[in-house]
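To keep things clear, I will list the structure first and then write my remarks on it.
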Amino acid sequence: MSVLREAFVDELKDSLDAERQLLKALPKMAEAAENDQLRAAFEQHEQETRQQISRLGQVFEAFEEQAQGKHCKGMEGLIEEAEELIKEEEGDAALIAAAQKAEHYEISAYGTLAAWAVALGQEQAAQVLNETLQEERETDKKLTAIAQTVVNSMESQREKEESESESEQRPRRQQPASRSRRKSASAKSAPRSKRQSSRVSRSQKTRRAQPRSKRAHAGKR
Ligand SMILES: [Fe+2]
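Here the sequence shown is numbered in the numbering used here, starting from 23 and rising by one per residue.
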């Protein structure tokens, strides 16, 4: 077996395992998503991933190799990170970032595989791999668009909370705006649980006494 062919089959096995790992992780990511579009995107990609696994089967066949996975440490690490974000309730923006890392990993792998398939004279297999590559790119683009919506709504929610909280405090305390702002600034140093600071919907329920500071919010990321 040529060195390139060996490297190709190895990478193919790695990708098969990566897809299988992602297939298991996607339902958890969909469940964790708060944004409806994001949840739908994860669900759709779960279906696409099934299709991609079957396409990999076709490529194994073209190379007359058994469709066998080989543990993909890269995807394992990326999924581990995503699961951590879910556990810590970091929110949709962080979830999208983790998903895009996984997509970029796959885009890189499929780009390599398609190029190697051409070099190995397997045009048909290259086409199949390119089809998946295109699908991964589309998913990545879609996630970028959803991220824009999610980040914007998180930001406007924060602004709304801040202005609500300020208007609630002002008449009660009979303080000038500048003074109440100073007070809220001193609250920046007060310890807050990760959960409170990270999740907009959660923080709404908790109804904080102090407005969320811009610095503390930005520093989270
Ligand atoms: Fe994939």
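The beta-carbon is built from N, C-alpha and C at its ideal position, and this holds for glycine as well.
- Around A52, the same chain offers R61, F64, E65 as residues with beta carbons nearer than 6 Å, after the five sequence neighbours per side are excluded.
- E111: not part of any alpha helix (DSSP H); DSSP gives it neither H nor E.
- Look at F85 here: in three-state DSSP terms it is coil, with no helix or strand label.
- Distances from the CA of Q69 to each of V81, Q90, R42 were compared; the closest alpha carbon is that of R42.
- In this structure, the C-beta of E41 approaches ligand 1 to less than 6 Å from one of its heavy atoms.
- If you check the CB distance, L135 and E33 come in under 7 Å.
- Linking Y132 to E181 through their CA atoms gives a straight-line distance of about 42 Å.
- In the DSSP annotation of this structure, the continuous segment of the alpha helix (DSSP H) that includes S37 starts and ends at 25 to 54.
- When secondary structure is reduced to three states using DSSP, L142 falls in the coil class, being assigned neither helix nor strand.
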